[in-house]
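In full-length UniProt numbering, the protein residues as written are 1 to 124.
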């Protein structure tokens with residue numbers, strides 16, 4: 001079975017379940033063996049830090065659509081939000097665009113990044 005965008009739909013029994021407070025759970029799946037594990041910056045962080053599986057070069061004043069190789073299943077009635085990381089925004093002028101993940105989206109989560117800085121940015 002495939003989802004919007006042609007990504008494979010993963011069986012709920014194979015979803016990784018990060019521990020969380022309350023009754024709502026966020027389900028995440030690695031789509032490749034090279035996927036970097038999502039993390040929380042600190043115990044009470046309100047979101048997860050996501051990482052690119054691939055190397056990208058983001059020239060100044062350009063944009064890139066960066067794949068994470070992560071599939072997310074959101075709780076009913078919720079949406080996901082991709083937000084800029086304060087350190088990247090402040091130090092390198094990297095911003096996130098089109099940051100909404102629909103409740104029913106099951107494809108590879110990608111992040112649209114904009115480089116508003118004057119120096120070339122790249123992963124690694």
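Backbone N, C-alpha and C define an ideal beta-carbon position, used for all residues, glycine too.
Query	Result
When DSSP labels each residue in this structure, what does residue 86 get in the three-state scheme?	helix
Ignore the nearest five residues each way along the sequence and tell me which others in residue 24's own chain have a CB closer than 8 Å to its CB.	75, 78
Taking just the CA atoms, how far does residue 92 sit from residue 66?	17 Å
Assign residue 109 to buried or exposed, taking buried as 16 or more other Cβ atoms, counted over all protein chains shown, within 10 Å of its Cβ.	buried
In three-state terms, what does DSSP make of residue 91?	helix
Within 10 Å of its beta-carbon, does residue 64 have 16 or more other beta-carbons around it, so buried, or fewer, so exposed?	buried
Considering only C-alpha positions, which residue in the set 113, 51, 26, 40 is nearest to residue 32?	51
What separation, rounded to the nearest whole angstrom, lies between the Cα atoms of residue 26 and residue 47?	10 Å
Going residue by residue through the UniProt domain "dUTPase-like" (36–118), where are the continuous beta strand (DSSP E) segments of at least 3 residues, counting only ones entirely within it?	63–67, 70–73, 94–97, 110–115
I'd like the list of long-range same chain contacts for residue 99, defined as Cβ closer than 7 Å, with 5 residues on each side in sequence excluded.	81, 82, 83
With 16 other CB atoms within 10 Å as the buried threshold, where does residue 119 fall?	exposed
Let me know if residue 137 comes out buried or exposed under the rule of 16 or more other beta-carbons within 10 Å of its beta-carbon.	The requested residue 137 is not part of the displayed model; the chain covers only 1 to 124.
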